[in-house]
Amino acid sequence: MRREAWAVILILLIAGGAAYTHATTTTEEFSRCNVGWNGTSNLAAEEVRSLRDLPPGATLLILAPEGSFSLEEAAYLRAFLDSGGRVLIADEEGSANGLLADLGSGMRVRPGNLASLERDHADPGLFTGYVVGNATIFAGTETVFLNRPAAVEGGEPLIETSILTWDDGDGDGRIGGNETFGTAVVCASEGNLIVLGDPSLFVNAMLAENPGFIESLGPVLIDAAHSGTGTTNPIVNAIRWVRETPPAAAAVAALAILPVAYRFGRKKDA
Amino acid sequence: MNRRATHIILAAAAVLVLALLAGEAVDPVLYTAENISTAAHADPATIEKRSPGDAASVVPRMDGLLGDTGSITLTIKLKDFESAELDLARYRELSGQFDNLVVNLDVTGTDIGEFRRNNALNQEALAALLDDSRRLEDLKRLEIEVRDGEQRMAIAYEGEALRQKMREIFTAYADREAATIRIAEHYDLNATPYQESIRHFAEIVGTVDEWRQSSGGSSTVKSPLTIAVVPDRGRYGDVLTIGGAYTGGAPGTPVEIYVDSRNAATVALGDDRTYRHLYRIGRILAGSHLAYVVAGPVYSEVAAFEVLPDNTTITLAVAGVNRTTVACSGSLTAEGRPVTGAPVVLRVDGETLATAETDQNGTYGRDLVLAPGEHTVRAEFHGAGFPLNPSTSRTETVTIEGEWFSPLPLAAALAAAAGTGWYLRRRWTEEAPAEPLPEEEVPIEPAAEDPPEVESAQDLPPREAATVLFRTLRARLGLPETKTPRDCALLFPAHAGFFERYEAIRYAGETPTEEELRAMEAEARGGDEDAA
């Protein structure tokens, strides 16, 4: 009987663990709760949900932004930049272009389908970019492994593709028709504002591909209010609320301890 | 569920699993990742690591080829023909490597492909320049040595032909400058050596002009051997007539016809002292070409003709031959004319290349052995020295099922299953516990008056005799043959001594004595009971 009880407890623990893992993760692109290849759960970053009062000198990563930034938020970011903070906008859809305009930047993300012959993978969108500019985040890094990036216009180029790169407009993976070879800039900067045309560099599957870059980036704050990184579900929200609310955390701890205390208390009485 | 049924189910499950594994043995892809790619990115861990080729070397190779043109023309200008020969050989080798790279990278339709085509023309021009420069030096030397008037005229004819030819080649070489410089600027190549090569080329041709003027001038020399190419332009498959007359030539005199310094044909001078050759445009690059004829020591002037490029159409049909092989076939035509003897590249999955060649009808065929799975196949024609533009067929998709699974794993699986079954059955037979009898149930020994037939133990070795006696007693007690000595001892405690002794003989390897055998025989045959 005792053995059976242990077996039941073990099965319940495993099932509980599986259920917890399932309920607290998502499959949303770039989500911090996505432990899959296209999530950002393994990226060492602290989430921020308000752009107000960002610590001066920090690095803020705005990853795959969605929606629009208010003028007030743009003003916060401008103040953050002026205070010595660094903003890294990683976007390939062009969603950040409005924010860039509000920040007074001339840089823009030009969505496209860049492909290159200088690659080691069958997918023409996975290729090597070359660091051409001086930026702390690329210190000691000569090449960056890119994953279907977009081109960035304006600013001082930081990463360029090889000359054997083209915008594969027809998506057939080979150059033809009106497509021509040419170098593309996929990362540029204006002062402390950096625009990277490849947010995929921060997904779990890509972290190990560019260890030097990720290490040079250092600790970052990540904007969870305007991008898929903040995508969650009700259970995750509830768990997060419990974690961030001490009385709630205490209540949950008490709920967990009470049955055990009751059980042991009964034994002692007996 | 009894153990026998359990074992049967287990064995059946094992056979099923092994059969499934045997089926997959020829196709080791047991797992296919899903959700590995979105519009934003792809999971690099699941994308096949496969480079399209050494793309990083394309631009350096282009740079090297431009650089070589400068060194070749310089050494020719300096009359260092041996060094020029070596430089030209190296240039040819690098050009060949570059050509392969361009095909492998599938960039023939780009400006890199244009660079490749121009480079092929430059290569021919530089080779001709080297040959002509050597011949020019020979002529200069002969001109000094020869005093005979007729021979001097022959030298003059050849010199004039050479001069015209070199000038035509130079014109075509210089005409490519604009396109080459445009491409060089795009790829940030150093075009200075190439521009120097044009200057060197011009200087070399200039020296020929000077020599001709110093030795009489072209206007004073009129070769008795004339040449004309009619029409003076054509496309792939067209027939041009190269003909002329040889004033003073004897009928039947062989006339050698050269196109781009290569002997195209030899015809005999007719009775009317004319000659004629039908030249079909085949594997020759598009652009300007030169023709001249030689009859003995007499050279004609040089006639130029132009070959115009044509578009091509290549088709591809893919048909399955068997489970692993597909037959690729198709045709290559230029404006409806079949292109013969042309190399066709078959590109599988955008990478793997196989080649075939068109026959006299412009058709080609090639069987491809492919791995199981879905593949794309495309046929390509890259020009390859023809006055034809590259073309690509429609991409065909083919699914390869793979071979039937090998009978070897299946046979092994069946053998393993049979062995397992045999082993389990043996274990079950030997180790099956005796079914407990009710306590009140007493085994009833069979009647002594109906003894079963027994084997004779006489004249047998002691251990075998004991086995015979065990079987005899077991049969007499009515026990099935599947019962072991231990089972028998449990079922018939009255004979436990017999069975335990036999167990020691059977399994511990002990040898019974004569007295023991006699006692066992008496017990086996029921002597004790009879006596009782």
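For the protein sequence lines, the chains are E and R, in the order given. By our numbering, the letter at position 133 of the first sequence is numbered 133, and the numbering carries on one by one without gaps. By our numbering, the letter at position 189 of the second sequence is numbered 189, and the numbering carries on one by one without gaps. We put the beta carbon where it would ideally sit given N, CA and C, even for glycine.
E:V186 beta carbon less than 8 angstroms from that of E:I159: Contact: yes.
Endpoints, alpha helix (DSSP H) assigned at R:E145: First-last of the alpha helix (DSSP H) with R:E145: 111-145.
Length of the line joining the Cα atoms of R:R4 and R:A13: Taking the straight line from one Cα to the other gives about 14 angstroms.
Selection from R:I242, R:G270, R:H495 that minimises the alpha carbon distance to R:N263: Nearest to R:N263 by alpha-carbon distance, out of R:I242, R:G270, R:H495, is R:I242.
CB-CB length for E:L43 against E:A74, believed under 8 angstroms: The pair is not a contact, with the Cβ atoms about 25 angstroms apart (cut-off 8 angstroms).
Distance between R:G244 and R:A304 (C-alpha atoms, nearest Å): One C-alpha to the other measures close to 14 angstroms.
First and last residue of the uninterrupted beta strand (DSSP E) at R:L332: Segment 325-334, the beta strand (DSSP E) holding R:L332.
R:P443 to R:Y502 span [Cα, whole Å]: Because the pLDDT at R:P443 is just 49, under 50, the model does not fix this residue reliably, and the value given afterwards should be weighed accordingly. R:P443 and R:Y502 have their alpha carbons spaced roughly 21 angstroms apart.
Length of the line joining the Cα atoms of E:E179 and R:T397: One C-alpha to the other measures close to 24 angstroms.
Spatial distance of R:G509 from R:F498 (CA atoms): Our two residues, R:G509 and R:F498, have alpha carbons roughly 16 angstroms apart in a direct line.
E:L207: contacting residues in chain R (beta-carbon distance under 8 angstroms): For E:L207, no chain R residue has a C-beta closer than 8 angstroms to its own C-beta; the minimum C-beta separation is roughly 11 angstroms.
E:T128: first and last residue of the uninterrupted beta strand (DSSP E) it sits in: Run containing E:T128: 126-131, per the beta strand (DSSP E) assignment.
Rounded separation between E:P219 and E:L201 - CA only: Distance between E:P219 and E:L201, taken at the CA atoms: about 16 angstroms.
Nearest candidate by alpha-carbon position, reference E:A96, set E:S116, E:A64, E:P124: Cα-wise, what sits closest to E:A96 is E:A64.
Cross-chain neighbours of E:R32 in chain R, by beta carbon under 8 angstroms: E:R32 does not reach chain R, its nearest Cβ partner there being about 16 angstroms away, counting only Cβ pairs nearer than 8 angstroms.
The region 305-324 of chain R touching the region 169-186 of chain R, judged by at least three CB pairs closer than 8 angstroms: Inter-segment contact for the region 305-324 of chain R and the region 169-186 of chain R is absent: fewer than three beta-carbon pairs are separated by less than 8 angstroms.
Inter-stretch contact at 8 angstroms, needing at least 3 Cβ pairs: the region 56-71 of chain R / the region 180-199 of chain R: The region 56-71 of chain R vs the region 180-199 of chain R: in contact.
Near-chain R residues of the region 139-167 of chain E (beta-carbon distance less than 7 angstroms), N- to C-terminal order: Within the region 139-167 of chain E, the residues whose Cβ lies closer than 7 angstroms to some Cβ of chain R are N147, R148, I163, L164, listed in chain order.
E:E160 - DSSP class collapsed to helix/strand/coil: Look at E:E160 here: in three-state DSSP terms it is strand.
Contact check, R:L105 vs R:A184, beta carbons under 8 angstroms: Taking the C-beta atoms as reference points, R:A184 is found no nearer than 8 angstroms to R:L105.
Neighbour flag for E:G265 against chain R, beta carbons, 8 angstroms: Interface flag for E:G265 against chain R is unset, since no Cβ pair is found closer than 8 angstroms.
8 angstroms Cβ cutoff met for R:A161 and R:Y292: Against a cut-off of 8 angstroms, the Cβ pair of R:Y292 and R:A161 comes out as a contact.
Buried or exposed (CB count within 10 angstroms, at least 16 for buried), E:S227: Residue environment for E:S227: buried (at least 16 other C-beta atoms within 10 angstroms of its C-beta).
Cβ pair E:G112, E:A151 closer than 8 angstroms: Contact: yes.
Candidates R:L136, R:K49, R:V59, R:G282, of which the one nearest R:V205 by Cα: Taking only the C-alpha atoms, the option nearest R:V205 is R:L136.
Residue-level contact to chain R via CB, E:H22, 8 angstroms cutoff: Taking 8 angstroms as the CB threshold, E:H22 stays off the interface with chain R.
is_contact[E:L63, chain R] using C-beta, thresh 8 angstroms: Not an interface residue.
R:K49 in three-state terms, based on DSSP: Three-state result, R:K49: strand.
Backbone CA spacing between R:E514 and R:A494 [nearest angstrom]: Their backbone Cα atoms lie some 22 angstroms apart in a straight line.
Member of E:A251, E:E153, E:F145 whose CA lies at the smallest distance from the CA of E:H121: Relative to the Cα of E:H121, the nearest Cα in the group E:A251, E:E153, E:F145 belongs to E:F145.
Neighbour-count burial assignment, R:E481, 16 or more Cβ in a 10 Å radius: It counts as exposed.
E:S227: contacting residues in chain R (beta-carbon distance under 8 angstroms): In chain order: nothing, as chain R lies at least about 12 angstroms away.
Cβ shell of R:A334 (< 6 angstroms), same chain only, five flanking positions each side left out: Short of 6 angstroms from the beta carbon of R:A334, and not among the five residues preceding or following it, lie these beta carbons of its own chain, in chain order: Y236, D310, T312, L388.
Validate contact between the region 121-141 of chain E and the region 36-49 of chain R using beta carbons, cut 8 angstroms, 3 pairs: Touching, per the Cβ criterion.
Pick from R:E85, R:T247, R:Y91, R:T75 that is closest to R:R61, judged by C-alpha positions: That would be R:Y91, whose Cα lies nearest to the Cα of R:R61.
Proximity to R:P512 [Cα-Cα], best of R:Y157, R:H375, R:L460, R:A156: Taking only the C-alpha atoms, the option nearest R:P512 is R:L460.
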